[in-house]
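Residue numbering for the sequence shown follows our numbering, beginning at 7 and increasing consecutively. This report concerns only the one structure given below.
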Amino acid sequence: MYKEQNVFASSKITNEKHKVLAYLRGEEIFPITMEVDLTQKCTRACPGCPYQVSRRAGHTLEIPFLDRLFSILGNNTPGLILSGGEATCINHFPEAVSLAKEKGFKEIAVISNGGMTHLPRIQNALLENVTSIRFSLYDWQDREEKYFTDTLEKIRNLRNRIEKEGSKLEIGASILTRKEVTHKFHTVGKKAFDAGIHWLYFHPYCVDWETKSPIQADQTGVLEAIEEMKRVVPAGLNIQVPYERYSTEKLHFDKLHGSHFIIQVGADGINYAGPECKYEEEAALLDLNEYTDDDFLWHPERIEKINNLNSDNYTFIGTKHRPPMFSNYIQKLIDNNANQENDIQSHPEEFFYPYIV
Ligand code: SF4
C-alpha cells in the first residue's frame, strides 16, 4: 500500500486523466462518480440536518428507476456512492447494491448513520457487493448517547463478519468537525478504531442551510486537534483529513465544471448540481423522471444550467464541497492552458478508492 494514501483531494479527479483531458478539449464525458440518494427516509432526525425540510416528502428510488440509471452509467462511471436519508433502511437495499455491481460499477460506497446495518440481510449485501461503508458518528458531542454506542456495536459486528468471512468490505467512520468539539476527537475516534473501523475521516460541519448560503461552522483549532490526535495514537491508524476543504483559499470557477465529474441524483429522481445543494430547486439540473435517455448527461437544459453556475452565483460554495472544489481545480487547468497529457500530473496510487471522488 502507498504510505500516504488519501481519501480526498481536488486533484483526485486526475485518476481518470483521460476524462479530464477530454473535458478540457470540450468533449462529452461520463462522470467518475455518481452519488445517489436511495431514499429521503431516515432513522434519525438530527437538528442540524441539511435536508430537514426537503426530506419531508419521503421519496425513495425504486428498482426500475435504478435499473435505468445504472444501465446508462454502470459501464462508464466507475464509482457509485449510495446515500440518503438512510440508504440501509429501505427494503430493497440488497437488490439495489447487487444491481449496481451487476451493471458494472467498480467501487460502491455506502454512507450510513448505522441505520439497519445490524440486520443480517443488510450485512450480507454489504459484505458481498460493497467496497466501503462510512458510518457517520452522531450523539457523542455532549455525552455519549445510546445511538453512538449502538453504532459502535454495529461496527464491531460488521468487522467481525468481515474477518470471519473474508469479505473485502472496508469500514470507515466520519466525524463532523467544529471548534466546540475538538476536545472529543481523540476519545471518539479511538472508540471507533477499537470497534473495528479501517479508517477515520474528519470533515467540516456546515451551518445556515436554511439561508441557502450554507457555510462551514467555525473550524478554529480543528486541524491542530487532529494533528495532536495523530501524534498520540498508535502509529499506522488511518486518519484522513481533507485539508483543502479546511483551507481559506477562495474558490474560483467560470462554470461548475465539477458537476461533470461527480453527479448527484436525489431520491426524487432529480439530478442536482452537487450533494451540498440537493433538493434545492435552483440547483436542479434535470428531472430524470421526465428524461432518462442514454444521453441525459448532455441534455441541453442540464449543460446550460451547469454553464450558468459560477463562483459568483453558486451560493453553496461556502461549504467547500466536492463540485466547487473540483471546479476550482479544473478552472486552474483551463487558466493555465493545460490540456496536454504532460500538463496534468496523475497519481492514482496516492488515493484510497480512486473512483470514489
Ligand atoms: S442522519 Fe443525516 S439525513 Fe438523517 S437526519 Fe441526520 S443529518 Fe439528516
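The beta-carbon is built from N, C-alpha and C at its ideal position, and this holds for glycine as well.
Candidates the options: closest to residue i by CA position
i                 : options                        : result
phenylalanine 302 : Glu355, Gly121, His266         : His266
lysine 218        : Val247, Ala198, Asp260, Phe322 : Phe322
valine 103        : Gly32, Phe76, Ile245           : Phe76
methionine 122    : Gly324, Glu92, Glu22           : Glu92
aspartate 224     : Lys326, His258, Lys185         : Lys185
serine 142        : Ile232, Asp156, Arg251         : Asp156
leucine 206       : Ile181, His263, Tyr320, Thr193 : Ile181
glutamate 34      : Trp304, Val228, Glu286         : Trp304
alanine 198       : Thr254, Arg162, Glu310, Leu229 : Arg162
alanine 115       : Leu164, Gly54, Met40, Leu158   : Met40
isoleucine 312    : Asp260, Gly324, Val363, Asp341 : Asp260
isoleucine 139    : Glu113, Asp145, Tyr153         : Glu113
arginine 193      : Gly280, Ile177, Glu171, Glu150 : Before going on, a small fix: residue 193 reads as threonine here, not arginine. Checked all of Gly280, Ile177, Glu171, Glu150; the closest Cα to threonine 193 is Glu150.
valine 363        : Pro281, Val239, Val187         : Pro281
leucine 158       : Ala201, Val187, Ile117         : Ala201
cysteine 95       : Phe111, Asp43, Leu86, Leu30    : Asp43
isoleucine 245    : Ile177, Leu79, Ser89           : Ile177
isoleucine 78     : Leu105, Ser89, Phe99           : Leu105
glycine 110       : Pro240, Ile87, Leu243, Gly80   : Gly80
glutamine 11      : Ala51, Glu347, Leu243          : Leu243
asparagine 314    : Glu288, Asp300, His327         : Glu288
glutamate 286     : Asp300, Cys52, Gln58           : Gln58
leucine 86        : Ala131, Thr137, Cys52          : Thr137
Residues near residue i in its chain [Cβ-Cβ closer than 7 Å; skip 5 each side]
i                : result
glycine 32       : none
serine 352       : Thr20, Asn21, Lys23
phenylalanine 14 : Pro248
tyrosine 8       : Any reading at tyrosine 8 is ruled out, since the residue's pLDDT is 46, under 50, leaving its predicted position unreliable.
glutamine 129    : Thr123, Leu164, Arg167
aspartate 145    : Glu151, Tyr153, Phe154
asparagine 319   : none
histidine 327    : Gly280, Pro281, Glu282
Chain-order list of residues whose beta-carbon lies under 6 Å from that of residue i (same chain, five-residue window excluded)
i                 : result
isoleucine 168    : Leu175
tryptophan 215    : Pro56
lysine 284        : Gln270, Gly272, Tyr278
threonine 298     : Arg74
alanine 28        : Ile35
alanine 179       : Phe141, Leu143, Ala198, Ile203, Leu206
valine 213        : Ala223
lysine 25         : Ile35
glutamine 46      : Arg61, Gly64, His65, Gly91, Ala273
isoleucine 117    : Ser89, Arg140
phenylalanine 208 : Ile181, Thr183, Ile232, Val247
Spatial neighbours of residue i in its chain, beta-carbon cut-off 8 Å, leaving aside the 5 residues before and after
i              : result
histidine 258  : Ser317, Asn334, Gln337
serine 275     : The residue asked about is misnamed: residue 275 is glycine in this sequence, not serine. So the qualifying residues of the chain are His65, Leu67, Phe71, Asp293, Leu294, Asn295.
tyrosine 211   : Gly54, Leu182, Thr183, Arg184, Gln222, Ala223
isoleucine 350 : Thr20, Lys23, Val26, Leu27, Leu339, Ala344
threonine 325  : Pro210, Cys212, Pro220, Ile221, Gln222, Glu282
leucine 229    : Val247, Tyr249, Tyr252
glutamate 101  : Ile69
arginine 127   : Pro100
valine 239     : His192, Gly195, Lys196, Phe199, Ile245
Beta-carbon separation (whole angstroms), residue i vs residue j, contact threshold 8 Å
i              : j              : result
serine 173     : leucine 133    : 4 Å
proline 329    : leucine 262    : 6 Å
serine 16      : methionine 331 : 4 Å
lysine 190     : glutamine 147  : 7 Å
asparagine 119 : threonine 49   : 6 Å
tyrosine 361   : proline 84     : 4 Å
asparagine 135 : lysine 107     : 5 Å
isoleucine 268 : proline 37     : 6 Å
glycine 227    : threonine 254  : Not quite, the Cβ-Cβ distance comes to about 15 Å (not below 8 Å), so this is no contact.
Worksheet item: Counting Cβ pairs closer than 8 Å, one from the region 59 to 68 and one from the region 291 to 302, do we hit at least three?
Response: no
Fill in: alpha helix (DSSP H) runs contained entirely in the region 324 to 355, provided each spans 4 or more residues
328 to 341
Discussion item. Going residue by residue through the region 44 to 86, where are the continuous alpha helix (DSSP H) segments of at least 4 residues, counting only ones entirely within it?
Written reply: 69 to 79
Fill in: Runs of alpha helix (DSSP H) lying entirely within the region 188 to 272, each at least 4 residues, in chain order
191 to 201, 228 to 238, 249 to 252
Worksheet item: If you scan the region 114 to 161 from start to end, which runs of the alpha helix (DSSP H) of 4 or more residues do you find wholly inside it?
Response: 126 to 135
Item to complete: For the region 21 to 46, list the alpha helix (DSSP H) runs that are entirely contained and at least 4 residues long, ordered along the chain.
Response: 23 to 30
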